[in-house]
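Here the structure is laid out as structure tokens; the discussion comes afterwards.
Residue numbers (the working numbering): 1464 to 1629.
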């Protein structure tokens, strides 16, 4: 069984990724969701930080991955071990915060027109989240509204589940 993975990514900090993911978790309460956050910094005490907020919102597992160390509310020793754990748990969805250069499908949060050109260099963008008008792009554009985004993700999960070729 293929587990749907979707990244919520942006071109910087303070784009609202954490809050959006919290709201998505709350909107998709009927799904068992695991969240993985990417960090390029040393991981400090996580209380009241992003991974703790995801757990509080209802994520089944919340993890953070960094070049320096790995951490989770459910502990694991490395990235490969985390994926093994996740595949044994069989969540309905894995949401990754960040990971914009990864091979996984992603929704990109866009704040300005300059970022639209940058999107072309990002692999596997399946949707754009923005409150600005975006034209001439062959990627679905979603208003930055967690209910709309949650329904897009719900449809994505169903497509993955029903696609036997994956």
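From the three backbone atoms N, C-alpha and C, an ideal C-beta is built for every residue, glycine too.
Just so you know, these numbers come straight off a predicted model, no measurement behind them.
If we ignore side chains and look at the alpha-carbon of each, how far apart do residue i and residue j end up?
i            : j            : result
residue 1522 : residue 1625 : 24 Å
residue 1601 : residue 1516 : 34 Å
residue 1566 : residue 1603 : 19 Å
residue 1488 : residue 1520 : 6 Å
residue 1592 : residue 1561 : 14 Å
residue 1484 : residue 1584 : 24 Å
residue 1572 : residue 1480 : 8 Å
residue 1498 : residue 1557 : 6 Å
residue 1575 : residue 1614 : 24 Å
residue 1466 : residue 1577 : 33 Å
residue 1547 : residue 1553 : 10 Å
residue 1608 : residue 1551 : 32 Å
Where does residue i land, buried or exposed, given buried means 16+ other C-beta within 10 angstroms?
i            : result
residue 1564 : exposed
residue 1478 : buried
residue 1616 : buried
residue 1595 : exposed
Identify, in the order they occur along the chain, each residue of the same chain with its Cβ nearer than 7 Å to the Cβ of residue i, setting aside the five sequence neighbours on each side.
i            : result
residue 1555 : 1494, 1495, 1496 and 1620
Less than 8 Å between the CB atoms is what I'm expecting for residue i and residue j, so what's the real figure, rounded?
i            : j            : result
residue 1612 : residue 1605 : 6 Å
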